[in-house]
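Worksheet: one structure, shown below.
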Amino acid sequence: MPEGDTVWRQARDLRKVLEGQVLTSSDFRVPAYATLDLAGSTLTSVQSRGKHLLMYVAGLVIHSHLSMEGHWDIYPVSATGRAARWRRPAFTARAVLTTGQATAVGFSLGTLEVLPEALVSEAVGHLGPDLLGADWDAGLALHNLLDRPERAVGLALLDQRNLAGIGNVYRNDLCFLGGVHPARPVSEVPNLPRMVDLAKRLLEANKDRSGRSTTGGPAHGEAAAWVYGLAGKPCKRCGATIRYATLADPDFPVRAARDIYWCPRCQPD
């Protein structure tokens with residue numbers, strides 16, 4: 001599940017093969033940009049912003065969001081100019097960017113748009129401080145969360161307008177580490193600054209790992225998480241059975257309710 005650390009890694013890897021390179025071809029497989037041709041243009045910068053990816057080229061910004069299943073794959077181009085075979089179905093490709101060295105293919109992207117640089121704020125200007133960005137500001141993130149003290153902390157942490165980069169895995173395990181049920185109001189969180197600090201530390205610890213672990217253990221299987229995805233399993237701390245439910249966000253009524261997991265003993269309702 002792509003979260004801020006996943007997108008940070010995607011930007012790092014894309015930067016290595018695209019930044020400063022001239023595009024030999026581009027292919028945008030969405031109707032709005034089907035005729036756009038960026039061949040001959042230099043891609044000058046690749047940046048991550050929370051869960052968003054921004055690629056700057058020829059006065060434009062290729063903006064993508066991975067959503068739940070998106071991914072940018074990188075394929076080397078051989079000496080003869082032939083690209084490697086794709087590992088994912090071609091019909092899921094939404095963007096194909098090729099240089100003399102590599103081909104980057106964006107599969108199953110939740111969002112793909114190409115904007116003038118002057119309008120990039122329309123895509124990411126609403127985001128709060130980026131947990132893995134140069135603009136990280138813990139004080140501002142805390143201020144944003146406390147601006148609505150009655151809101152459920154599990155919803156506030158997921159809201160990218162407060163702080164950018166937390167997804168469902170992190171929000172569930174952060175609530176466990178904070179000893180609070182995800183539906184508990186922000187105003188009742190015993191130590192909110194510590195929770196913000198933990199969010200920063202967890203994403204920093206995982207940004208260079210191929211797999212994610214919030215426990216410090218192996219980045220795969222049940223050992224990788226405290227409560228996320230472990231409904232019916234014993235709590236690693238107290239042994240109580242981990243519970244599962246969904247939590248809808250009134251701020252975004254068209255979005256499906258998201259999964260929550262918690263220990264009824266460590267995180268009382």
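To convert, note that position 269 of the sequence shown is 269 in UniProt numbering; the numbers rise steadily by one, no gaps.
Note that the Cβ used here is the ideal one computed from N, Cα and C, for glycine as well.
This structure is a prediction, so every number in the text was calculated from the model and none was measured.
_Counted within 10 angstroms of its Cβ, other Cβ atoms place Q101 as buried (16 or more) or exposed_ = Locating residue 101 in the sequence shown gives position 101, counting from the first residue. Label assigned to Q101: exposed.
*Length-filtered (4 minimum) alpha helix (DSSP H) runs lying within the segment 192-220*: 192-206
*Between which two residues does the alpha helix (DSSP H) harbouring V17 extend?*
In the sequence shown, residue 17 corresponds to position 17, counting from 1. Start and end: G4 to L18.
*asked:* Taking the alpha carbon of F107 as the reference point, which residue from M68, G133 and A224 has its own alpha carbon closest?
replied: Counted from its first residue, the sequence shown places residue 107 at position 107. Out of M68, G133 and A224, M68 has the C-alpha closest to the C-alpha of F107.
*Which value, in whole angstroms, describes the spacing of the CA atoms of G59 and Y244?*
Your numbering for residue 59 matches position 59 in the sequence shown. Your numbering for residue 244 matches position 244 in the sequence shown. Using only the alpha carbons, I get a separation of about 47 Å.
*Can you tell which of A152, D251, G50 and E188 has the C-alpha that lies nearest to the C-alpha of N172?*
Walking along the sequence shown from the start, residue 172 turns up at place 172. Comparing Cα-Cα distances from N172 to each of A152, D251, G50 and E188, the minimum goes to A152.
*Name the two residues that bound the continuous beta strand (DSSP E) containing A102.*
On the sequence shown, residue 102 is found 102 positions in, with the first residue counted as 1. Run containing A102: A102 to F107, per the beta strand (DSSP E) assignment.
*Nearest to I62 by CA position, among A231, E122 and L145, is which residue?*
Counting from one through the sequence shown, the residue named residue 62 turns up at place 62. Nearest C-alpha to I62: E122.
*Could you pull out every unbroken beta strand (DSSP E) segment of at least 3 residues lying fully inside the segment 102-187, listed in chain order?*
102-107 and 111-116
*C-beta atoms of V7 and G165 nearer than 9 Å*: Here the question's residue 7 lines up with position 7 in the sequence shown. Here the question's residue 165 lines up with position 165 in the sequence shown. Their beta carbons are under 9 Å apart, which means V7 touches G165 by this criterion.
*Should C238 be labelled buried (16 or more other beta-carbon atoms within 10 Å of its own) or exposed?*
Along the sequence shown, one-based indexing puts residue 238 at 238. Exposed: under 16 other Cβ atoms inside 10 Å.
*Measure the beta-carbon distance from D130 to G50 and round it to whole angstroms, keeping in mind my assumption that it falls under 8 Å.*
For the purposes of this step, residue 130 is taken as the residue at position 130 of the sequence shown. For the purposes of this step, residue 50 is taken as the residue at position 50 of the sequence shown. 5 Å between Cβ atoms; contact.
_Can you confirm whether the segment 88-101 touches the segment 18-31 when touching is taken to mean that 3 or more C-beta pairs between the two stretches lie within less than 8 Å?_
yes
*asked:* Within 10 Å of its beta-carbon, does P190 have 16 or more other beta-carbons around it, so buried, or fewer, so exposed?
replied: On the sequence shown, residue 190 is found 190 positions in, with the first residue counted as 1. Exposed.
*With a Cβ-Cβ cutoff of 9 Å, do V169 and R212 count as a contact?*
Mapped onto the sequence shown, residue 169 falls at position 169. Mapped onto the sequence shown, residue 212 falls at position 212. Cβ distance < 9 Å, so V169 and R212 count as in contact.
*Measure the CB-CB distance between L145 and L157 and report whether it falls below 9 Å.*
Within the sequence shown, numbered from 1, the residue matching residue 145 stands at position 145. Within the sequence shown, numbered from 1, the residue matching residue 157 stands at position 157. Yes, the Cβ-Cβ distance between L145 and L157 is below 9 Å.
*Output the boundary residues of the beta strand (DSSP E) element that contains Y228.*
Translated into positions along the sequence shown, residue 228 becomes position 228. Premise fails: Y228 is in no beta strand (DSSP E) and is neither H nor E.
*Determine the DSSP secondary structure at A35, reduced to helix, strand or coil.*
Within the sequence shown, residue 35 is the residue found at index 35, counting from 1. Correcting the residue type first, residue 35 is Thr in the shown sequence and not Ala. Of the three classes helix, strand and coil, the one that applies to T35 here is coil, per DSSP.
*With DSSP as the reference, label T99 as helix, strand or coil.*
Position 99 of the sequence shown holds residue 99. Correct three-state label for T99: coil.
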